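Colleague: Sharing a structure, written as C-alpha cells. Questions coming.
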Amino acid sequence: MNLDAKKATLRMIPYGIYVLTAKAGAGTVAAATVNWVTQTAFTPPLVVVGVKADSGAYALLKSTGLFTLNMLGKDAKGLAFTFFKPAALVDGKLSGQEFHDGANGLPILNAAIGALECKVKTIVEEGDHHIVVGEVTQAHLPNPIDGRPDAAILEMKDLGETVFYGG
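Each residue of the sequence shown is one higher than the one before, starting from 28 at the first, in this note's numbering.
Structure below.
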C-alpha cells in the first residue's frame, strides 16, 4: 500500500469536533475531545463514537454504561484543544470549563451548543480506538441554531491547516 496515498485519502473524511464526558461517582470525571461520531439509526436514535481505548473517558463509560456528547460550535476551538489532554475537576469546573449535570448525572459543558446523553448499547473492541454504540436518551439545545445545524458544528478543518486526524 502507498502510505502517502493512504494518509491523504483517509484525511479526506470530514470530522466534527465533540467533547465526550463520563462520570463514575462523586468527583471521578473524564472528558475527551472526540471526532469519530455519526448517527447510525433513527429508531431508536443511535450514535457511534470512536473512543481511545486507553483513555480515562473510555474506562468510565465502559464501567458505567453512560456518556454524554457535547457539541462544539465554530467559536469553540480552544475547548477542543483543552480536552485533547486528560480532564481535571477543580473548584467545580472541568478543566476550567463551567458545566451542569444532565439527567444521566454526567457533565454537559455550558459552552456546548448542544448535547446528547447516551447509554451504551454495545462496544466493538478493535484497534486503538473502540467503537461505542450509544442510544440517545436526552438531547439538549440551549439556543436555537441559525441555518443548517450541521454547519454550526466545529470541524477538524476549522482547527488550522496543520491539524489533521486519520492516516
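Just so you know, even glycine gets a beta-carbon here, dropped at the ideal spot from N, CA and C.
Predicted, not measured: the structure shown is a model, and the values here were computed from it.
Using 10 angstroms around the beta-carbon of Phe69, count the other beta-carbons present and answer buried if the total reaches 16, otherwise exposed.
Modeller: By the 10 Å Cβ count, Phe69 comes out exposed.
Colleague: Can you name, in chain order, every residue of its own chain whose Cβ lies under 7 angstroms from the Cβ of Leu116, other than the five neighbours on each side?
Modeller: Closer than 7 angstroms at the Cβ level, and outside the excluded window around Leu116, lie Gly54 and Val56.
Colleague: Whose C-alpha, out of Glu153, Lys104, Glu152 and Asp118, is nearest the C-alpha of Thr60?
Modeller: Considering only alpha carbons, the answer is Lys104.
Colleague: Can you name the start and end residues of the alpha helix (DSSP H) that Gly141 belongs to?
Modeller: That residue, Gly141, is in no alpha helix (DSSP H); its beta strand (DSSP E) goes Gly141 to Val151.
Colleague: Between Ala36 and the rest of its own chain, which residues show a CB-CB distance below 6 angstroms, the 5 nearest in sequence each way excluded?
Modeller: Rather than Ala, the amino acid found at residue 36 in this sequence is Thr. Closer than 6 angstroms at the Cβ level, and outside the excluded window around Thr36, lies no residue.
Colleague: Apply the 10 Å Cβ neighbour rule to Thr109 and answer buried if 16 or more other Cβ atoms are within range, or exposed otherwise.
Modeller: The residue is buried, with at least 16 neighbouring Cβ atoms inside 10 Å.
Colleague: Less than 8 angstroms between the CB atoms is what I'm expecting for Ile140 and Gly100, so what's the real figure, rounded?
Modeller: Sure, about 4 angstroms apart at Cβ, within 8 angstroms.
Colleague: Just to confirm, are Val151 and Lys89 a CB contact at a threshold of 9 angstroms?
Modeller: Not closer than 9 angstroms, so no.
Colleague: Classify Ala166 as helix, strand or coil using the three-state DSSP reduction.
Modeller: Looking at Ala166 - three-state DSSP - the assignment turns out to be strand.
Colleague: Considering Cα atoms alone, identify which of Gly129, Lys50, Thr91 and Ile180 is closest to Thr164.
Modeller: The shortest Cα separation from Thr164 among Gly129, Lys50, Thr91 and Ile180 belongs to Gly129.
Colleague: Can you tell me where the alpha helix (DSSP H) holding Leu106 begins and where it ends?
Modeller: Segment Lys104 to Thr109, the alpha helix (DSSP H) holding Leu106.
Colleague: Helix, strand or coil for Pro134? Go by DSSP, reduced to three states.
Modeller: Pro134 falls in the strand class under three-state DSSP.
Colleague: Measuring CB to CB, does Phe94 end up less than 9 angstroms from Val76?
Modeller: Against a cut-off of 9 angstroms, the Cβ pair of Val76 and Phe94 comes out as a contact.
Colleague: For the candidate residues Ala84, Ala114 and Pro134, whose alpha-carbon lies nearest to that of Asn97?
Modeller: Of the candidates Ala84, Ala114 and Pro134, the one whose C-alpha sits nearest the C-alpha of Asn97 is Pro134.
Colleague: Curious, which full-length beta strand (DSSP E) runs of at least 3 residues does the region 45-131 contain?
Modeller: Runs of the beta strand (DSSP E) inside the region 45-131: 45-50, 56-61, 64-68, 73-79, 93-98 and 126-128.
Colleague: His156: which of Gly43, Ala166, Ala179 and Ala84 sits nearest, CA to CA?
Modeller: Measuring from the Cα of His156, the nearest candidate turns out to be Ala84.
Colleague: Going straight from the alpha carbon of Glu162 to that of Cys145, what length do you get?
Modeller: Roughly 5 angstroms separates the two Cα atoms.
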